[in-house]
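This note's numbering numbers the first residue of the sequence shown as 233 and each following residue consecutively.
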Amino acid sequence: MSEREDKSKQSMASAATGQDRKKFEMSDAKEYSCVKVEIDDEGIAWVSFNRPEKRNAMSPALHYEMEEVLPELETDPDVKVMVLTGEGVSWSAGMDLKEYFRETDNNPAARFKSYWSHRHWAQYLMLSSKPTIAMVNGFCFGGAFTPLAACDIAITAEEATYGLSEINWGILPGGNVSKVFSDLVSHRDAMFYAMTGRTFDGTKAVEMGIANLAVPGDKLRDETIALARELMEKSPAVLAFTKQAIKAVQGMDMNLAYEYLQAKQGALRNADKEGTRQKGMSEFLDNKSYRPGLGAVKRD
Ligand code: COA
233 MSEREDKSKQ SMASAATGQD RKKFEMSDAK EYSCVKVEID DEGIAWVSFN RPEKRNAMSP
293 ALHYEMEEVL PELETDPDVK VMVLTGEGVS WSAGMDLKEY FRETDNNPAA RFKSYWSHRH
353 WAQYLMLSSK PTIAMVNGFC FGGAFTPLAA CDIAITAEEA TYGLSEINWG ILPGGNVSKV
413 FSDLVSHRDA MFYAMTGRTF DGTKAVEMGI ANLAVPGDKL RDETIALARE LMEKSPAVLA
473 FTKQAIKAVQ GMDMNLAYEY LQAKQGALRN ADKEGTRQKG MSEFLDNKSY RPGLGAVKRD
């Protein structure tokens, strides 16, 4: 039985027993072979790179599937938080050296299509209005840094292995890896790791600013769920605007940022149908029932 048939059979089996309802609905519409999507009852969408036998290297097929999956999740009202992770021992071993690079060397149309597909889904991820968490469970090499950096928050297994290995393949950290990596880390670290290709672990990734939290691998999923729950306590509208604001001001000078934030603040008051501002201030100023340092405003 082929790998694809095997995965399809597993998906059908779980649907037949009534489990993973959402998973079946998505795979019913389109059968994914390189990406696994599960939406749990709390609203966490678990998106897994699903080529464990290839350490989740990103093939053209994986890019096309991610390009389809992410808009589905973005517009699904049941999805509150997205977690991007990898099946097996790897988060992602980067671009597939065989299927993405070597096999398309003499096929410009195929290279163009998969290159743009990758760019599209990386942008979808980066510009998502929903909170996105990279849960780095293992290897994270080369091209994998682009989706990693596109996620809002990264939580990593301490034991995960990171590296910019492109120097060993005679290629540049392309697909915007050079850009996103040097935006995250210091100039010294960017030069050092890009030029040597040396690897580092999850603890070091936090020290360098690549990830927010490093936890032992056996606690990774629980800690990610705790983080997702914390985010789900916030107003989705305020979260979405906050994400957009933090990202947008990065390219602005002081005056432009002032103007942008002023306008964005006004727009948020219209967009926040839950009235979080009024509620939070009233709880603090009038009812004295809430102080920001002591937890989230209680949402209805
Ligand atoms: N592209 C294509 N195939 C890859 C791959 C990649 N980036 N990374 C791993 N694979 C494949 C291997 O070729 C192997 O395939 P095979 O079973 O058909 O021989 C399979 O995945 C398992 O890899 P293997 O090296 O045996 O696993 P490992 O657990 O011992 O090591 C890594 C894992 C990630 C350390 C190692 O595979 C590696 O160094 N990969 C390259 C990572 C890289 O340089 N990525 C940047 C690309 S720009």
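All residues carry an ideal CB built from backbone N, CA and C; glycine is no exception.
Just so you know, these numbers come straight off a predicted model, no measurement behind them.
Quiz item: Which class does Ala-277 belong to by DSSP, given the choice of helix, strand or coil?
Solution: strand
Exercise. Taking only beta-carbon positions, decide if His-419 is within less than 8 angstroms of chain B.
Key: The chain labelled as chain B is not found in the depicted structure, where only one protein chain is given.
Quiz item: Looking only at its own chain, which residues have a Cβ that is under 6 angstroms from the Cβ of Val-321, when we skip the five neighbours before and after it?
Solution: Gly-370
Quiz item: Going along the chain, which unbroken runs of the alpha helix (DSSP H) with 4 or more residues stay wholly within the region 455-491?
Solution: 468-481
Practice problem: Go ahead and pull the three-state DSSP assignment for Asp-421. | Solution: helix
Quiz item: Since Glu-319 contacts Lys-268 with CB under 8 angstroms, what's their CB separation in whole angstroms?
Solution: 6 angstroms
Exercise. Check Asn-444 in the structure and name its three-state DSSP category.
Key: coil
Exercise. Check each candidate in Phe-281, Tyr-356, Glu-304 and Gln-355 and name the one with the smallest Cα separation from Asp-328.
Key: Phe-281
Quiz item: Contact check, Pro-303 vs Tyr-356 under 8 angstroms by CB: the rounded distance?
Solution: 6 angstroms
Quiz item: In the DSSP assignment, what residue or residues form a beta bridge with Leu-316?
Solution: Val-279 and Ala-366
Quiz item: Applying the criterion that 16 or more other CB atoms from any shown protein chain within 10 Å of the CB defines a buried residue, is Thr-428 buried or exposed?
Solution: exposed
Self-check item: Distance between beta carbons of Val-311 and Lys-362, contact taken as under 8 angstroms
Solution: 6 angstroms
Quiz item: For Val-438, which three-state DSSP category applies?
Solution: helix
Practice problem: Name the two residues that bound the continuous alpha helix (DSSP H) containing Lys-411. | Solution: 409-416
Quiz item: Can you list, in chain order, the residues of its chain whose CB lies under 8 angstroms from that of Ala-477, leaving out five sequence neighbours each side?
Solution: Tyr-492, Leu-493 and Lys-496
Exercise. Under 8 angstroms by Cβ, that's how I've got Val-315 and Thr-456 pegged, so tell me the actual separation to the nearest angstrom.
Key: 6 angstroms
Practice problem: Tell me, please, whether the region 429-438 touches the region 282-302 by the rule of three or more beta-carbon pairs shorter than 8 angstroms. | Solution: no
Exercise. Starting from Val-269, trace the beta strand (DSSP E) both ways and give me its first and last residue.
Key: 267-271
Exercise. Kindly give me the distance between the Cβ atoms of Gly-407 and Thr-378, rounded to whole angstroms, as I take these residues to be in contact under 8 angstroms.
Key: 5 angstroms
Quiz item: Taking just the CA atoms, how far does Glu-515 sit from Tyr-522?
Solution: 5 angstroms
Quiz prompt | According to DSSP, residues forming a beta bridge with Ser-514 | solution = DSSP, once it has assigned bridges, lists no residue as partnering Ser-514.
Quiz item: Ile-387 and Leu-459 look like a contact to me (Cβ under 8 angstroms); what is the Cβ gap, rounded to whole Å?
Solution: 6 angstroms
Quiz item: Quick one, which of Lys-520, Arg-283 and Thr-508 has its alpha-carbon nearest Gly-326's?
Solution: Arg-283
Self-check item: Val-321 beta carbon near ligand 1 (any heavy atom closer than 7 angstroms)
Solution: yes
Practice problem: Jot down the residue ranges of each uninterrupted beta strand (DSSP E) in the region 288-358, minimum 3 residues, whole runs only, in chain order. | Solution: 313-318 and 322-324
Self-check item: Closest by C-alpha distance to Glu-465, when choosing among Asp-450, Cys-266 and Glu-274
Solution: Glu-274
Quiz item: According to the neighbour-count rule (16 or more other Cβ atoms, all chains shown, within 10 Å of its Cβ), is Glu-331 buried or exposed?
Solution: buried
Quiz item: Mind checking Gln-251: buried by the 16 CB within 10 Å criterion, or exposed?
Solution: Residue placement at Gln-251 is flagged as unreliable, the pLDDT there being 43, under the threshold of 50; the coordinate-derived value follows with that caveat. The residue is exposed, with fewer than 16 neighbouring Cβ atoms inside 10 Å.
Practice problem: Enumerate in chain order the residues of its own chain whose CB-to-CB distance from Glu-257 is below 7 angstroms, with the five nearest sequence positions on each side excluded. | Solution: The predicted model places Glu-257 with a pLDDT of 49, which falls under 50 and marks its position as unreliable, so this point remains unresolved.
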